[in-house]
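Asker:
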Amino acid sequence: MQDNIPKKEESVNKSDKKSLSHETSLDEPLHNSNQLIVVGIGASAGGLEALKRLIPGLPNNAGMCFIIAQHLDPKHRSMLVSLLERHTEMPVSEVSDKQQLAPDKVYITPSGKDVAISDEELILTKPLATIGPKPSVDYFFTSLAEEKGDRAVGIILSGTGSDGAHGIRAIKVGGGITIAQSTKTAKYNGMPASAIETGHVDKILSPEDIGPELEMLIHHSHSIPKLSEDIENLLI
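Pasting the structure below:
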């Protein structure tokens, strides 16, 4: 799994204790492009079912954008766009290389590619490793953490394995917000359980409850409590 994580994660891992104790606040205006909140969603087996439950409740006019990294067979074209667009009023499209991010849209990572964010653009790359899940949620979330900092949200849904756990840590260390699907509601609980076990998940929710939680973060004063001293010491 470690091979799937980009080298730039090192700069996140070396963040000092100030960044670890940063309180995530979402009270600033969101429609300035510099303030765009980017929500990354990682899923694998059982993810389609979870996404169908999640997507209808996502806030569709809050100035967020949503990027889905669902593990897919690289030999088959993704059908996620057609399957998910019927569940939301937001435009749903497959990511194209160097695509500019825009608010109130849902982006689907294509099969056989990894996705990263740079200067508010989505960058598609050939996977770094020949084995392992594709797209790599760890790779995507680490990039998201570096690019957006406290304007990053990472969500882990149903899936086998542990992809996304390193990325959840990177987002939390960078000041972002992290959410995992509750294991009792996940068809396969490997990915959400691995994320929760890191100690860096802020909220554990059913897919239906995630959208209202995000809307609350946007429309109400909210801050995530500081990490405990025990967790900070583990990351020094």
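When we follow our numbering, the leftmost residue of the sequence shown carries the number 7, and every step to the right adds one. Backbone N, C-alpha and C fix where the C-beta goes; we use that ideal spot for every residue, glycine too. These numbers come from a predicted model, not from an experiment.
1. What residue from 146, 224, 216 has the CA that sits closest to residue 63's CA?
2. Checking 8 angstroms against the spacing of the C-beta atoms, do residue 67 and residue 94 come in under that value?
3. Nearest-angstrom Cα distance between residue 160 and residue 185?
4. Assuming residue 164 and residue 193 are in contact, meaning their beta carbons sit under 8 angstroms apart, how far apart are those beta carbons, in whole angstroms?
5. Less than 8 angstroms between C-beta atoms, sequence neighbours within five positions excluded: which residues of the same chain meet that for residue 212?
6. My output table needs one value for residue 178: the three-state DSSP class, helix, strand or coil.
7. Could you spell out where the alpha helix (DSSP H) holding residue 148 opens and where it closes?
8. Suppose only complete runs of 4+ residues qualify. What are the alpha helix (DSSP H) ranges in the stretch 184-234, listed by chain order?
9. Go ahead and pull the three-state DSSP assignment for residue 137.
10. Who are the Cβ neighbours of residue 153 in its own chain at under 7 angstroms, not counting the five residues just before and after it?
11. Hey, residue 74 and residue 43 are a contact pair by Cβ (cut 8 angstroms); roughly how many whole angstroms apart?
12. How should residue 108 be labelled, buried or exposed, when 16 other C-beta atoms within 10 angstroms of its C-beta is the threshold for buried?
Answerer: In short, the structure shows the following:
1. Position 57 of the sequence shown holds residue 63. Taking only the C-alpha atoms, the option nearest residue 63 is 216.
2. Against the sequence shown, residue 67 aligns to sequence position 61. Against the sequence shown, residue 94 aligns to sequence position 88. Result no, Cβ atoms of residue 67 and residue 94 do not sit closer than 8 angstroms.
3. Against the sequence shown, residue 160 aligns to sequence position 154. Against the sequence shown, residue 185 aligns to sequence position 179. Those two C-alpha atoms are separated by around 6 angstroms.
4. The count along the sequence shown starts at 1 and reaches residue 164 at position 158. The count along the sequence shown starts at 1 and reaches residue 193 at position 187. With 8 angstroms as the limit, residue 164 and residue 193 qualify as a contact, their Cβ atoms being about 5 angstroms apart.
5. Residue numbering aside, residue 212 sits at position 206 when the sequence shown is read from its first letter. Here the set comprises 59, 187, 188, 191.
6. The sequence position of residue 178 within the sequence shown is 172, counting from 1. Residue state, collapsed to three classes: helix.
7. Start at 1 with the first residue of the sequence shown, and residue 148 comes out as number 142. Residues 143-154.
8. 196-203, 213-225
9. The residue given as residue 137 occupies position 131 in the sequence shown. It is coil, neither helix nor strand.
10. Reading the sequence shown from its first residue, position 147 is the one you call residue 153. Closer than 7 angstroms at the Cβ level, and outside the excluded window around residue 153, lie 123, 124.
11. Here the question's residue 74 lines up with position 68 in the sequence shown. Here the question's residue 43 lines up with position 37 in the sequence shown. Actually they do not touch by this definition, with Cβ atoms about 15 angstroms apart.
12. Here residue 108 is taken as the residue at index 102 of the sequence shown, counted from 1. When all chains shown are included, residue 108 counts as exposed.
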